[in-house]
Amino acid sequence: MKNLYREICFSLREIVNKRFGKLPILPPWGEIPPQASFGDFSTMVALKIGSYLKKGPFSIACILKEELEKRLKGIEKIEIVKPGFINLFFARKTLLDSLKVILKKKENYFSFREKRRVLIEFVSAIPTGPLSIAHGRQAVVGDIVANVLEFFGNRVVREYYLNDVGRQIDLLITSVEERMKEIEGKAFSLPQDGYWGDYVKDIAKEAIKKRPKNLKGFVLSYILNEIKKDLKKLGVRFERWVSQKELINKGKVEKVIALLERKGLAYVKDGALWFPSTKFGDDKDRVLRKSDGEFTYFASDIAYHKDKVERGFDKLINLWGPDHHGYIKRVKISLKALGFKEDILDILIIQLVKIKTKERMSRRRGTAISLSELVEDVGKDAARFYYTSRKNSSHLEFDIDKAKEASFENPLYYIQYAHARICSIFRKKGKRKLEPCWIDFLKDEKELLIIRKILQLSYCLERVYYTFEPVFLIEYLKDMANHFHKFYEERKVLGEDEKVTRARLALLEGVRIVLSCGLKLLGIEPARRM
RNA sequence: GCCCCUGUAGCUCAACGGAUAGAGCACAGGCCUCCGGAGCCUGGCAUACAGGUUCAAUUCCUGUCAGGGGCACCA
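In terms of our numbering, the first sequence opens at residue 10 and continues consecutively.
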């Protein structure tokens, strides 16, 4: 028996393509209805097809209903409502059978075998200082998106683009040099637009101790090391680190510029080399090589993205901060100009993070709180959870005090508590060994509702997969935990009739599997005890 | 000036163009002979404003107002 939700969406798409041709209808082909009386799955594709084809949605719904009834097994009834909603009701036996499969296959029931190669590039913060709390959000969201992609069978590479050349880096080095003079009691002067943070002093102290021959290399590796430590604290790892400097040294930037020149996509003005991006819809043309002979960041980025595509990925995903929004068009245009498919690249903008706390400022100084301070303060799991608790495009207010609250009204603990409660009952269950056939004794509506909720993880993951919004997983887990706690108050598990006990234990195991699966995808360890 | 994001309940946020606009917090009251009370139950006329598109708009479009961010031969 296959994954029910996936089968429905798949059939629906096939039927629509067959009967109405390819229509520009986007992936959410249906939804979990807002009310239980509308069934287990509801689709309004008939309404959408109706508006494209200028036909009455009801007759379209009738055609879809008929086809769905032919193809799908395990559906009790399909009804059409008002303008053209199609509601599907799962049969009781289908629910029970699905749960049996889940007990057998565990979380693999929800996984999938896509075979794409996906490159996800995120954080990529310039290595001139420690990571900020906004980088933390990008790191967590990127990591979870990557987890879900992997869970669906994709081969994923997590990559960090290291912007290790240019003016900002030079400024950092100068700042370190001046701080070294200061520490050694010599005359010094920090550049006005240099780096003033305390960490520069720490680096200067180390540099004085170690006396490196190559100061630039030393400083960069010091900062890189700090960045890696911060990411590790958040449980985020990268498979690849790509250096802009190396890209330039290997001649990849020169090559791509030469290619653009050959294609007539570069011209000289005021001693600089320009890319005529206005031809492709940009507001103004962009500089590739400055009049001083240096390549711009944009030039390297074209080379970098070309390199990504040529490494054989089917999909590129970039996570950027909102300060890069104006840059999206440029990069996409450059890919198009080079003859690549435009939709190979998805760019997600991850909005900023505001910190809310009683002690608003960093302990160290009057500066804003750093990522490492935040993670040390609230812990890895809470940090990951709260970073994911809003849609990517929403401003996120990170309430440190609430995240730390381990006792009251903290949704992370609410979910963890549900998992721990189930583990606890399994410690008390005696010698019983779970058998999937016990499930056949589940009968009352409350029990079936829990199975429905368990199955909905499929739908939820599908959504995260297509939208790159991990927040849906958080919402699902809260909802699942809530239904579990309710059920647990209303129905006794142990000490009932033995058949009922067994059936309910099997049911709870299903809940445990989905909670555990969801938490793991979030990078949070499910708690067995609290 | 141009671009992006945001404006929903006292607060923080949902609603994937659709079916009665939902949660949590806070506040008030109830529930332990019982598997973990870190729980459950009860209490809600809120879409900034004005137009428009649609069978259907919190969602899309236009304008106004308010908040945040961004505008380089920086990265």
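For each residue, glycine too, the CB sits at the ideal point set by N, CA and C. In this text the structure is predicted, and so the values were computed from the model without any measurement.
Candidates 185, 178, 366 and 239, of which the one nearest residue 147 by Cα: 239
Residue 140 vs residue 236 beta-carbon contact at 8 Å: yes
Exposure label - residue 201; buried when at least 16 CB within 10 Å: exposed
Exposed or buried, what is residue 61 when buried is set at 16 or more other beta-carbons lying within 10 Å of its beta-carbon? exposed
Opposite residue 298 in the DSSP bridges: which residues? 282 and 304
Return the Cβ separation of residue 111 and residue 100 in integer angstroms, given the expectation that the two are a contact with Cβ distance under 8 Å. With a Cβ gap of about 17 Å, residue 111 and residue 100 do not count as contacting.
Tell me the DSSP secondary structure of residue 458 in three-state form. helix
Going straight from the alpha carbon of residue 40 to that of residue 399, what length do you get? 20 Å
DSSP three-state label for residue 535, please. coil
Within the stretch 442 to 522, note down every full alpha helix (DSSP H) run reaching 4 residues or more, in order along the chain. 454 to 476 and 480 to 499
Beta bridge counterpart(s) of residue 358 as assigned by DSSP: 329
Just how far apart, CA to CA, sit residue 333 and residue 431? 45 Å
C-alpha gap between residue 230 and residue 320, whole angstroms: 26 Å
Contacts around residue 122, its chain only, beta-carbon distance under 7 Å, and the 5 residues preceding and following it disregarded: 162
Could you tell me if residue 189 is buried or exposed, where buried requires 16 or more neighbouring beta carbons within 10 angstroms of its beta carbon? buried
Below 8 Å, how does it come out for the stretch 128 to 142 and the stretch 166 to 174: are there three or more Cβ pairs, yes or no? yes
According to the neighbour-count rule (16 or more other Cβ atoms, all chains shown, within 10 Å of its Cβ), is residue 410 buried or exposed? exposed
By how many angstroms is the C-alpha of residue 475 removed from the C-alpha of residue 25? 19 Å
Is the number of C-beta pairs between the stretch 510 to 519 and the stretch 434 to 453 that are closer than 8 Å three or more? yes
Kindly indicate the opening and closing residues of the beta strand (DSSP E) around residue 174. Residue 174 -> no beta strand (DSSP E), and no H or E assigned at all.
Residue 223, DSSP secondary structure in three states: coil
Only counting the same chain, and skipping five residues up and downstream in sequence, which positions put a Cβ closer than 6 Å to that of residue 528? 535
Span separating the alpha-carbon of residue 28 from that of residue 256: 50 Å
Is it a yes or a no for the stretch 256 to 275 touching the stretch 218 to 233, going by three-plus beta-carbon pairs under 8 Å? no
How should residue 66 be labelled, buried or exposed, when 16 other C-beta atoms within 10 angstroms of its C-beta is the threshold for buried? buried
Anticipated Cβ contact below 8 Å, residue 95 with residue 51, distance rounded: 7 Å
Could you tell me how far apart the beta carbons of residue 311 and residue 343 are, in whole angstroms, since I believe they sit closer than 8 Å? 4 Å
Answer with buried or exposed for residue 49, where buried requires no fewer than 16 other C-beta atoms within 10 angstroms of its C-beta. buried
Does residue 234 pass the burial test, meaning 16 or more other C-beta atoms within 10 Å, or should it be called exposed? exposed
When the distance is taken between beta carbons, is residue 326 closer than 8 Å to residue 127? yes
Below 8 Å between beta carbons: does that hold for residue 487 and residue 424? yes
Given a cut-off of 8 Å, decide if residue 174 and residue 212 are closer than it, judged by their beta-carbon atoms. no
Can you say whether residue 329 is buried or exposed, counting buried as having 16 or more other CB atoms within 10 angstroms of its CB? buried
Residue 302 versus residue 295: straight-line alpha-carbon distance, rounded: 15 Å
Check whether residue 358 and residue 402 have beta carbons under 8 Å apart: yes
Ignore the nearest five residues each way along the sequence and tell me which others in residue 323's own chain have a CB closer than 6 Å to its CB. 125 and 126
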